[in-house]
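Protein chains in written order, with full-length UniProt numbering: chain A, 1 to 443; chain B, 1 to 443.
Structure (structure tokens):
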């Protein structure tokens, strides 16, 4: 990825670290006469308002800025709002050499620039197999058929009138996320190594409600989910999962599904690989065995070292990545530093995340902050003091089943390097003394 | 509001209700030979795939739609995504006669079209007093001064390097939300009666961390929060609240704050009236008493019946509203119906929400669904069977302090009708037999 696509916002004057230090260290730093920030200058020279000249080192403190002098834009210049122009580089990105056509490609979530646990709808990664279907919600139909007592077709209004509507936050990770890293460090940015994931709140109706009304026959052991896009995406799902926690969803993060996420209706398959979450959901067929569709045979199976393929590896195991620092979010200055990242597991909630700054020799338990629910993205932080030494940053997730995220070496020993799917190995970032960060692997 | 601004999406053919009914009722409805939905037709006439002709009543079931025949748009046509063109009416709206200029006005959240508990960033209501400040994040500075041991100035990077970053979901409600309803039902849509509220996840640093580094002097009992916009919004906040749960926030729902929400930094004052959540936060000054600024004297005080004003009524009491059905979201057909709405309290979490369909004579406890954390928006549902009778819909929230949302009559008996602030009275929607809904008051 060309480095000029990497945002370089943020002021880096002096030791802004000072405010985060103890008062003892704080004052001693100020006393050292090092290049100091306005904050330190203010502390060292007394009240700013009383002595504006003391703000010499920082020209942006005392003068009243233009934005405080003149009326700004009105309240409704954008009836549907947009990000600040200063955030224009925070966008989804393709890796053009990765795929042959943009209709069957992926555009990655800019994880390095995000925080918290929710992915904004406009930045949720996009994976299409036949392009984005543009569906008229009035003409949309959803069919339930196959081994059922009565075959049914629902309009979008019908779905919205079903009892038992729920709201749930779940991560959606493509089975091929980090797939390009199987054979070694390759893509220089967590947007590209781990950006095939997003985490949003879904509003929808449990799939079970539709199957109950249709009446699943005793022989019904699997369901086929089919999309209405040109790729006619189809996947086989065990009836147990279909009757457990799958959702027929029509809203994300409070508003209608986005077109690229399956508007007006998608299937939600919590904790399971992304391409089972069929977008533009057209039908659910009940059968007595899996259908062995293209996307579960020639694709989305794990080719092992001996040439055999592992099929139906539905669950996304525990995984994590440090999003900052990372190649697109280098460290800008020494002193107090907030390291942050995300962790998730398809088997439950994240119980603990450990972080290493020395390539896995020593580990510190990170601070999990914010929502921490099953099969949903968890945010972690490690606040530390960076002295400018070289770092080998890693994170290691543990879920509440006791499963521990493995190293890439451990994964390769078992599964070889033929697969591009289900790579949940530990990621390593090398932070150089100048703060620049790159994708590497440790011995 | 002109009715032509009201979205009329959604298919309303026949009794799509059937799938949500018991099998007994379901089949009897199908048997009545009423105008029936595709679902009913399918059930009444056997498998659709075997007998497509049976789908006669619904032309949209059997033919393969165009969106399944041709490639759609590529994965990155919108590097920052947008809603479907079919959702173009789901936008923030102004009430032009309400304010003199759009730079000092409000644009309301389209609550009637939203679901779940999160408000999408692009639809969060906007209230400006001097227009939207456009702040260069590199030139942004945040000052802490007044009765402190050391006055400090922070860059945006300094703020992001402070330890103790947190992620919290909180509602923000303008003190004037529902203000136009004090003297009686006036605005015909919950977007306008209750749309000065939004609920998002904030990422930021506790204000206490900044005050601790600066060192609050013993005489420091209040803080002044000042915005960098042309209105120089200023509010006085008791030191106890400043040291409790206030946040200096730089992200919302995972991404940078939106410009109209205070980019790059705003103050978060959980549970307290919206205009204390100072946007484009420029400084926090510590003092020994409130400053009696414009926005806490001539404005944002509650004028009582006897002409006296109630000041510093910071906390937003428990409140709720049914968002669907509502004037902008009328009922479209008889049968199974999902009534939904939102509830919130500045004093804690919502413990219970009751719904009445007959103007408050009888109440049913609604189903609270999704996140239910303190000082954050809660979603409730009531699934019921509508026979086409006239309804008088109300909702009544209770928070975990035991406080119960009052009627408008109860509020007026105590506070008169001179105020436009802090109206948390119970809202009534009249649903006519044709489904059209309007804003009314009972007895």
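We put the beta carbon where it would ideally sit given N, CA and C, even for glycine.
Remember, predicted model here, so these are calculated numbers, not experimental data.
Query, Result
"Residue range of the beta strand (DSSP E) that includes residue 409 of chain B", "Segment 408-415 is the alpha helix (DSSP H) holding residue 409 of chain B; no beta strand (DSSP E) there."
"Where residue 196 of chain A sits in the DSSP three-state scheme", "coil"
"Chain-ordered neighbours of residue 360 of chain B on chain A, where CB pairs are closer than 9 Å", "Near residue 360 of chain B there are no residues of chain A at all, since even the closest Cβ is about 24 Å away, more than 9 Å."
"Contacts of residue 436 of chain A in chain B (Cβ-Cβ under 7 Å)", "Within 7 Å Cβ-Cβ: nothing; residue 436 of chain A doesn't reach chain B, min ~17 Å."
"Contacts of residue 330 of chain B in chain A (Cβ-Cβ under 7 Å)", "The premise fails here: residue 330 of chain B is roughly 12 Å from chain A at the closest Cβ pair, so nothing lies under 7 Å."
"Rounded Cβ spacing between residue 156 of chain B and residue 265 of chain B (contact assumed at less than 8 Å)", "7 Å"
"Rounded straight-line distance, which links the Cα of residue 268 of chain A to that of residue 244 of chain A", "11 Å"
"Any C-beta of chain B under 7 Å from that of residue 74 of chain A", "yes"
"Residues within the stretch 98-127 of chain B neighbouring chain A, beta-carbon criterion of under 8 Å", "101, 102, 103, 105, 106, 107, 113, 114, 115, 116, 117, 118, 119, 120, 121, 122, 123, 124, 126, 127"
"Beta bridge counterpart(s) of residue 315 of chain A as assigned by DSSP", "A:272"
"Rounded distance between the beta-carbons of residue 319 of chain B and residue 291 of chain B, thought under 8 Å", "Contact doesn't hold; Cβ gap of about 28 Å is too wide."
"Against chain A: residues of the stretch 255-277 of chain B by CB proximity under 9 Å", "255, 256, 257, 258, 259, 260, 261, 263, 264"
"Members of the stretch 139-161 of chain A that neighbour chain B once the beta carbon cut-off is set at 7 Å", "139, 141, 143, 145, 150, 151, 152, 153, 154, 155, 156, 157, 158, 160, 161"
"Beta-carbon proximity of residue 330 of chain B to residue 436 of chain B, cut-off 7 Å", "yes"
"Residue 344 of chain A - DSSP class collapsed to helix/strand/coil", "strand"
"Where the alpha helix (DSSP H) through residue 243 of chain B begins and ends", "239-244"
"Close Cβ partners of residue 32 of chain B (< 6 Å) along its chain, the five nearest in sequence each way excluded", "With a pLDDT of 31 at residue 32 of chain B, under the threshold of 50, the predicted position of this residue should be treated as unreliable, and no value is reported."
"Bridge partner(s) assigned by DSSP for residue 279 of chain A", "Partner(s): none; residue 279 of chain A has no beta bridge."
"Limits of the unbroken alpha helix (DSSP H) element including residue 208 of chain B", "207-214"
"CB contact below 7 Å: residue 134 of chain B versus chain A", "yes"
"For residue 447 of chain B, the nearest candidate out of B:231, B:357, B:77 (CA to CA)", "With chain B covering only 1 through 443, there is no way to say anything about residue 447 of chain B."
"Residues of its chain near residue 445 of chain A, where Cβ-Cβ distance is below 8 Å and the 5 sequence neighbours each way are ignored", "No information on residue 445 of chain A is available, as it lies outside the stretch 1 to 443 that chain A covers here."
"Under 7 Å by beta carbon: chain B residues contacting residue 70 of chain A", "230"
"Against chain B: residues of the stretch 84-98 of chain A by CB proximity under 9 Å", "84, 85, 86, 87, 88, 90, 91, 92, 93, 94"
"Residue 397 of chain A (DSSP reduced to helix, strand or coil)", "strand"
"Beta carbon proximity, residue 29 of chain A to chain B, threshold 7 Å", "Low confidence applies to residue 29 of chain A: its pLDDT is 29, below 50, so where it sits in the model is not reliable, and the reading given next is rough at best. By this cut-off, residue 29 of chain A is not an interface position."
"For residue 97 of chain B, the three-state DSSP class (helix, strand or coil)", "helix"
"Stretch-stretch touch, CB-based, cutoff 8 Å, three pairs: the stretch 90-100 of chain A with the stretch 340-356 of chain A", "no"
"Same chain, Cβ closer than 8 Å to residue 141 of chain A, five either side skipped, listed in chain order", "153, 154, 155, 282"
"Residue 258 of chain B beta carbon less than 7 Å from that of residue 370 of chain A", "no"
"Residue 67 of chain B, buried or exposed, once every other Cβ within 10 Å from all chains shown has been counted against 16", "buried"
"For residue 145 of chain A: DSSP bridge partner residues", "A:285"
"Proximal residues to residue 406 of chain B (C-beta, below 8 Å), its chain only, five neighbours per side dropped", "424, 425, 426"
"Chain A within 7 Å of residue 67 of chain B, Cβ atoms only", "yes"
"For residue 391 of chain B, three-class secondary structure by DSSP", "strand"
"Within chain A, the residues that residue 336 of chain B reaches when beta carbons sit closer than 8 Å", "161, 162, 163"
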